[in-house]
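Per this note's numbering: the sequence shown = residues 506 to 736. Glycine is no exception: its CB is placed at the ideal position from the N, C-alpha and C atoms. What you are looking at is a predicted structure, and each value in this text was computed from that prediction instead of being measured. Notes follow the structure.
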Amino acid sequence: MTNTRRSLLRTGGSLLVVGTAGCLGSGGDPETTTAESTTDEPFELPATVTADSLASPTIGPSDAPVTVSVYADFACKHCRNFVLDVFPDLRDEYVSEGVVRYEYHDYPIPVDEQWSWQMASAARAVQDQLGAEAYFAFTSGIFDHHGSYSMDVVDAVAEEVGADPDVVEQAANEETYRPVVEAEKAAGLEAGVEYTPTIFVDGTNTEQYKGADEFPYEWRVVSEAIEAARD
């Protein structure tokens, strides 16, 4: 892995117009939009959400020096790109080394009225059965089928990670964990999330670190934000 750039965008208390990239909902998925963002201080994120005794899926040591919080929608193609292309490196280089505590939060915009909610509930059923590690394995497996979701996919991926496929499919169909997912989304709204994936590193949105032609979830951007937080 190449060394990360360590330069920071310093804006003081000014209003910064930045390009954001991600899924915005209603089936829309623009590559780039313009949003206003203040960058005085890092936003203090809400405490990890617990609804019906099911906490946000988390890996990494509780005393890690850096916390990465991701808000994502299962129907968002940018979330797919992050989970499949960036998260493995983040996990290997920072989570496994004890540098990062990684929190994953549901934020169904919804990009898709059915799958944004149903896949989130299915994943929470896996978490409820087997814990966070199985949740993350299921999430990666589901995103690997992005664009061709079905209950057959839910069953197959649930079985792959060792969960009961019947229970997981029922949770998807009935949106059993919707109260959990809605609580997560409410926390995201409080944190100012407007698109997915939104990534905070110790409360600072990674938008601050992206270049003009980059997405805020790309590896270079996320790793630079982590390195800055470690300093």
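Nearest to residue i (by Cα), restricted to the options the options
i: V673; options: D660, R683, P684 and V666; result: D660
i: I731; options: L595, D633 and A717; result: L595
i: F705; options: Q619, S567, V662 and A734; result: A734
i: E679; options: V604, M624, P721 and V575; result: M624
i: T711; options: V726, G697, D568 and T563; result: V726
i: E638; options: S601, W620, Q619 and S621; result: S601
i: D568; options: G603, N586, P562 and F587; result: G603
i: G697; options: F587, T563 and V575; result: V575
i: R585; options: S621, T563 and V686; result: S621
i: D736; options: P570, G708, D597 and Y599; result: P570
i: A688; options: E618, S626, Y599 and Y654; result: S626
C-beta contact flag for residue i and residue j at 7 Å
i: T644; j: R606; result: no
i: A676; j: Q634; result: no
i: Y609; j: D578; result: no
i: V616; j: A580; result: yes
i: F648; j: L589; result: yes
i: V658; j: H651; result: no
i: G646; j: E665; result: yes
i: L529; j: Y654; result: no
Per-residue DSSP class, three states only, for residue i
i: I614; result: coil
i: L529; result: coil
i: V659; result: helix
i: E608; result: strand
i: S601; result: coil
i: T563; result: strand
i: S653; result: coil
Integer Cβ distance of residue i from residue j, believed to fall under 8 Å
i: L559; j: R629; result: 6 Å
i: V591; j: Y714; result: Not really, about 13 Å apart at Cβ, beyond 8 Å.
i: V527; j: P702; result: It should be pointed out that residue 527 corresponds to Gly in this sequence rather than to Val. About 6 Å separates the two Cβ atoms, so the contact holds.
Beta-carbon proximity list for residue i, same chain, < 8 Å, skipping 5 on both sides
i: M656; result: E674, A677 and N678
Chain-order list of residues whose beta-carbon lies under 7 Å from that of residue i (same chain, five-residue window excluded)
i: D707; result: P547, V571, T572 and A734
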